[in-house]
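J.: Below is a structure I'd like to ask you about.
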Amino acid sequence: MTTISLDSAVLTALDADAIVVGVHPAEDGVRPAGADDLDAALSGRLADSLTALGATGKPGEVVKLPTLGSVPAALIVAVGLGEADALDAEGLRRAAGAALRALAGKTRVAVAL
Numbered sequence: 005m006t007t008i009s010l011d012s013a014v015l016t017a018l019d020a021d022a023i024v025v026g027v028h029p030a031e032d033g034v035r036p037a038g039a040d041d042l043d044a045a046l047s048g049r050l051a052d053s054l055t056a057l058g059a060t061g062k063p064g065e066v067v068k069l070p071t072l073g074s075v076p077a078a079l080i081v082a083v084g085l086g087e088a089d090a091l092d093a094e095g096l097r098r099a100a101g102a103a104l105r106a107l108a109g110k111t112r113v114a115v116a117l
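With positions in the sequence shown counted from 1, the corresponding number in my numbering is that position plus 4.
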């Protein structure tokens, strides 16, 4: 059975298999939304790393980035949200669905969208 819980914990402290964050397109790659603590844990290289892996921020796009022990979660999963000014509840629902489908089989996933 699926269990959902809400928490306001800092992303870098979460005990999860993966952390899902949203990304928007940016002039030079992508701009992660609300992931400042993850970016700091990766020495300010979150956006650059995702861009190097081909992330564009296109709605529904999923890119997985191993954390290599920089945070307790093994993976950061970036899901494209599209342009920030065009994002609505339906866009968030679709993004969450795309990310969670890409994480089938994981037992603990934190979603920060």
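Even glycine gets a Cβ: it sits at the ideal position worked out from N, Cα and C.
Counting only the same chain and skipping the five closest in sequence on each side, list residues whose C-beta sits under 7 Å from that of alanine 100.
T.: Val115 and Leu117
J.: Should alanine 108 go down as buried or exposed, given a rule of 16 or more other Cβ atoms within 10 Å for buried?
T.: exposed
J.: So, is glycine 61 buried or exposed, given that buried needs 16 or more other C-beta atoms within 10 angstroms?
T.: buried
J.: Can you find the residues in the same chain that come closer than 7 Å, C-beta to C-beta, to leucine 46, ignoring five residues on each side of it along the sequence?
T.: Ser53 and Ser74
J.: Taking 6 Å as the line, does the beta carbon of glycine 58 fall inside it for any heavy atom of the ligand MG?
T.: Questions concerning the ligand MG fall outside what the structure shown contains, since it holds no ligand whatsoever.
J.: Just grab the DSSP bridge partners of lysine 68 for me.
T.: The partner list for lysine 68 (beta bridge, DSSP) reads Val81.
J.: Can you tell me whether glycine 26 is helix, strand or coil according to DSSP?
T.: strand
J.: Valine 113 bridges to which residues according to DSSP?
T.: Ala22
J.: When you compare only the Cα positions, how much space is there between alanine 17 and alanine 90?
T.: The alpha-carbon separation between alanine 17 and alanine 90 amounts to approximately 31 Å.
J.: Check for me: the beta strand (DSSP E) holding alanine 37 runs from which residue to which?
T.: 33 to 37
J.: Just how far apart, CA to CA, sit glycine 48 and aspartate 92?
T.: 28 Å
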